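Notes to accompany the following structure.
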Ligand SMILES: [Zn+2]
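Numbering (my numbering), first residue to last: 1 to 398.
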């Protein structure tokens, strides 16, 4: 048994203190000790010591909403027609970028390769974060992610979603995801911008209830894409575990989300980056999310989890996912943003042994220069010095 010793300031997910030491057992991949350097037990079998001027050690970052589309553009037809092998190869590169940017866990909410990436990284075949994958997302026929230009059978075969209509088809779709190796279920409770500024309900409350029941019976959580008050209320009523985007909060809905302890993932980056579209309703929806929704989420004290919704293309490049943390900080403050990207996100995606620095937990850590609690921009990949996942050290080449 050998150990890696890391010295620096520590943000353990809750508290920040200087002159800390983390000891990692390489054979188990767990944290064997941590705390003030004066108190932590440094073993004799140390194989590597990591320390540097101004280093801060944090729990590995978690992005609870991404997609592995292996695509170069933000374009539905490209997402569905890129060959699977090419998606996989590009995604292997994205996995590596995510890991070296400090992300030790991600949740893939609908893609054609996510469960295979998860398997490959667990087998040690490729480098990357732990992937919790939804396999394919569940959507209604003719919804926003159904490329309606194609005949339905071809669209279904090429899609990253299973189209399902009615409670029994929805249950079957959950079973297909389970068969694919899903570890979470993602549903479209509404459409999105493809419906202009008036997103309509997609899967109904009856369909959502069937999905939640089938998923929960099989031990999987359900997360809902929801734009608009009705989709939000349907998702809450159906008993989902988290809400993605969550546009259209009211104080009543926020209170329900709080009461049911549902995680709220505002995916701010896409909305902040969106330029006025000229569509009055769409622009009003973006504005509402960035003002009223955030104010209500803050007021209600919702559990905010970090989720970028990056797909790996255009201005949503994997490896740049820290930008969402910067954006969460703009609305909720640096400390809340740090927790959203560590403890809360890990809890949201079901990783009980991750998200904090604590004896006995998995050694998933990121070491950066400077104090990101004071300046969240220090989480940028160029400032990441080392990343540990399950006790193994990854050092970005510069
Ligand atoms: Zn998404």
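Using N, Cα and C, we set each Cβ at its ideal position, and we do this for glycine too.
No experiment lies behind these values; they were computed from the predicted model shown.
- Look at residue 109: its beta carbon is less than 7 Å from one of the heavy atoms in ligand 1.
- Residue 289 has its Cβ no nearer than 7 Å to any heavy atom of ligand 1.
- Take the alpha-carbon of residue 221 and the one of residue 44: they are about 43 Å apart.
- A check of alpha carbon separations from residue 23 across 379, 359 and 381 identifies 359 as the nearest.
- In summary, residue 77 is exposed, with fewer than 16 beta-carbon neighbours lying within 10 Å of its beta-carbon over all protein chains present.
- Considered as a whole, the stretch 276-321 harbours 280-288 and 294-300 as its complete alpha helix (DSSP H) runs of no fewer than 4 residues, in chain order.
- Residue state for residue 165 is assigned as coil, using DSSP reduced to three classes.
- Look at the beta carbons and you see the stretch 45-52 not touching the stretch 67-76: under three pairs across the two are nearer than 8 Å.
- Per DSSP, reduced to three states, the secondary structure at residue 38 is coil, with no helix or strand assignment.
- One thing to note: residue 137 has its Cβ no nearer than 8 Å to the Cβ of residue 163.
- For residue 314, same chain residues with a beta-carbon under 6 Å away, outside a window of 5 residues either side, are 74 in chain order.
- Across the structure, residue 131 and residue 107 are spaced so that their CA atoms are roughly 6 Å apart.
- A straight-line Cα-Cα distance of about 51 Å links residue 391 and residue 280.
- Residue 7 is bridged by DSSP to 21.
- Set against 7 Å, the gap from the CB of residue 63 to the closest heavy atom of ligand 1 is not smaller.
- With distances taken between CA atoms, residue 227 lies nearest to 289 out of 82, 289 and 21.
- Counting only residues of its own chain and dropping the five nearest sequence neighbours on each side, residue 224 has a CB closer than 6 Å to the CB of 187, 189, 235, 240 and 243.
- Between residue 123 and residue 95, the C-beta spacing is not below 8 Å.
- Where residue 356 is concerned, there is no enclosing beta strand (DSSP E), because DSSP gives it neither an H nor an E.
- Taking a contact to require three or more Cβ pairs closer than 8 Å, the stretch 146-163 and the stretch 201-212 do not qualify as touching.
- Counting of Cβ neighbours within 10 angstroms places residue 338 among the buried residues, the total reaching 16 or more.
- Annotation: the stretch 218-262 contains the following complete segments of the alpha helix (DSSP H) (minimum length 4 residues), in chain order: 229-238 and 251-259.
- Here residue 144 is buried. Its C-beta has 16 or more other C-beta atoms within 10 Å.
- A residue is called buried once 16 or more other Cβ atoms fall within 10 Å of its Cβ, and residue 151, having fewer, is exposed.
- When only Cα atoms are considered, residue 18 and residue 39 end up about 13 Å apart.
- Residue 308 is classed as buried because its beta carbon has at least 16 other beta carbons within 10 Å across all chains shown.
- Within the same chain, 112 come within 6 Å of residue 84 by CB-CB distance, once the 5 residues on both sides are set aside.
- Per DSSP, residue 61 is one residue of the beta strand (DSSP E) stretching across 61-66.
- Linking residue 30 to residue 344 through their CA atoms gives a straight-line distance of about 20 Å.
- Residue state for residue 332 is assigned as helix, using DSSP reduced to three classes.
- Under the DSSP assignment, residue 156 falls in the alpha helix (DSSP H) whose first and last residues are 152-158.
- Between the C-alpha atoms of residue 177 and residue 233 there is a straight-line separation of about 25 Å.
- Relative to ligand 1, the beta carbon of residue 309 is positioned inside 7 Å of a heavy atom.
- For residue 67, the distance from the CB to the nearest heavy atom of ligand 1 is below 7 Å.
- If the five residues before and after residue 331 are omitted, its C-beta is found closer than 6 Å to the C-beta atoms of 294, all from its own chain and listed in chain order.
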